[in-house]
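A quick write-up on the structure given underneath.
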Amino acid sequence: MTRHAEAQQVLSDPTVSTDPASPGHPMPAMRPDDPSEEELEIRRRFQAGQFIDMDPPEHSLYRRMLIPEFTVRRVKEMRPAIQEATDLLIDDMLKAGSPADLVDAFGFALPSMVTCALLGVPYADRDFFRARTRKMMDTGVGSSADGIAAAIEVWHYLDKLITEAESEPGDDLIGRLVTARRETGELTHDAMVGMVFLLLIAGHETTANMIPLGVHTLLRHPDQLAALRADPTGWPLAVEELLRYHSIVDWVGFDRVATRDMEIGGQAVRAGEGMFVLGASANRDPRVFDRPDDFDIRRGARNHLAFGYGVHQCLGQNLARAELEIAYRALFDRLPALHVIGDDDDLPFDYDGVVFGTRAFPVGW
Ligand code: HEM
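Just so you know, we're using the UniProt record's numbering here: the sequence shown kicks off at 1 and counts up by one.
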């Protein structure tokens with residue numbers, strides 16, 4: 001589905017399923033050719049919390065438990081921790097000196113540090129956590145032996161972290177989940193590990209990829225960057241426009257199947273037929289966005305589908321917006337001479353990934 005209206009229709013129709021086990025789903029649950037016993041065991045145990053692959057009412061049960069963790073108010077409380085992590089990373093860049101790869105030195109590191117703060121990962125474990133999540137994302141969570149090995153280490157780590165919180169819950173997301181679980185008894189230990197792993201996966205590569213892409217786009221539109229420097233109140237809308245313009249989660253992330261016969265945009269779709277929603281195309285639909293291929297921070301594009309639409313709309317979107325705004329502002333404030341090194345044609349864009357991005361972005365300052 002390529003148009004904005006039909007994309008919204010598919011993503012909000014309760015008779016359209018996202019469950020990979022639904023007959024006809026276009027992306028059946030990932031089954032590697034020769035999974036190890038350990039991997040099979042992990043997938044079996046922690047599948048319970050993967051609510052991105054569930055339909056209501058089961059989906060709502062899990063999502064509801066996490067909503068309070070991502071409200072505007074809660075994210076506002078997290079802003080100092082995001083700012084601190086951002087400043088530390090820029091301090092390190094300044095210490096190491098120009099040039100740097102912004103993907104490595106900043107893009108991938110920030111979401112990992114923010115996830116540590118969100119989940120309550122102890123300081124002593126943060127380097128381990130950052131290294132493993134980097135490896136897991138860099139090598140493909142489910143698609144390479146190295147990626148799977150790193151993912152297994154992360155699963156075991158989260159399992160341990162949650163077990164510890166079960167005896168002594170802290171004042172963080174995991175601590176609050178543990179406490180809620182005690183009160184209602186509706187969440188198993190394994191489901192909790194699965195949910196937390198999903199948060200990590202969903203929030204990491206997405207934010208990590210948006211940071212370099214956004215910096216690149218702003219450097220290539222110096223007039224708009226100058227306007228933001230002169231009037232920083234424009235940042236929130238600039239972030240929305242960057243999200244629309246890049247639409248980094250596209251068809252692979254919007255895999256669905258019809259569970260009844262239906263009509264979408266004049267096209268008959270039968271029960272059991274798979275569908276992909278082309279998010280990037282919907283976000284450049286000229287019926288909704290004037291001059292859709294132009295990057296324009298003044299357009300005020302809040303109705304984009306970069307965070308999806310309907311019941312699965314991104315749970316972490318407030319957090320993502322805060323991370324992006326803080327990161328862009330700090331990078332351009334503290335590195336006033338920030339510039340791209342090399343030719344755009346040489347940037348290693350990852351067109352085949354689940355999430356669009358560049359695997360490296362050399363910058364100087
Ligand atoms: C720029 C950053 C981000 C982008 C572009 C993004 C995009 C998306 C999109 C398009 C979906 C919907 C997928 C679907 O309909 O099947 C989604 C779902 C989700 N996102 Fe994000 N996301 C971002 C950051 C985050 C962060 C920071 C977190 C949390 C730490 C997060 C957690 C989630 C979760 C848990 C879901 C599943 C929601 C559900 O199924 O109910 N995301 N995201």
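Even for Gly, the Cβ is constructed at its ideal location relative to N, Cα and C.
Beta-bridge analysis with DSSP links Ile264 to Gln267. Val193 places its beta carbon less than 8 Å from that of Phe46.
Minimum Cα-Cα distance from Glu166 among the listed residues Gly97, Val249, Pro362 and Ala180 corresponds to Ala180. Counted as a single uninterrupted DSSP element, the alpha helix (DSSP H) harbouring Ala165 occupies residues Ala145 to Ser167. Membership of Pro362 in the beta strand (DSSP E) is indicated by the continuous run Pro362 to Gly364. Judged by their CB atoms, Arg134 and Phe106 are not nearer to each other than the 8 Å cut-off. Relative to ligand 1, the beta carbon of Met27 is positioned no closer than 7 Å to any heavy atom. Distances from the alpha-carbon of Ala337 to those of Ser98, Ile42 and Glu39 put Ser98 closest.
Straight-line measurement puts the Cα of Gly310 at about 24 Å from the Cα of Glu186. Annotated as distal: Phe332 and Thr217, with beta-carbon spacing of 8 Å or more. Taken from the Cβ of Phe276, every heavy atom of ligand 1 lies 7 Å or farther away.
Assignment of His25 by DSSP, reduced to helix, strand and coil, places it in the coil class.
Remark: the C-beta of Gly353 is outside contact range of ligand 1, defined as less than 7 Å to any heavy atom. Pairwise C-beta distances place the region 41-58 out of contact with the region 281-290, as fewer than three of them are shorter than 8 Å.
Proximity to Ala327 across Arg291, Val215 and Pro286 peaks at Val215, based on C-alpha coordinates. A Cβ-Cβ contact shorter than 8 Å links Met275 with Val10. DSSP places Phe276 inside the beta strand (DSSP E), whose first and last residues are Gly274 to Phe276. In the displayed model, Arg321 falls within a helix according to three-state DSSP.
Rounded to the nearest whole angstrom, the CA to CA distance from Asp231 to Gly353 is 35 Å. In this structure, the CA atom of Ile90 is about 48 Å from the CA atom of Ile264. Per DSSP, Thr18 has no beta bridge partner at all.
In the DSSP assignment, the residues bridged to Phe349 are Thr358. Secondary structure at His339: strand, using DSSP grouped into helix, strand and coil.
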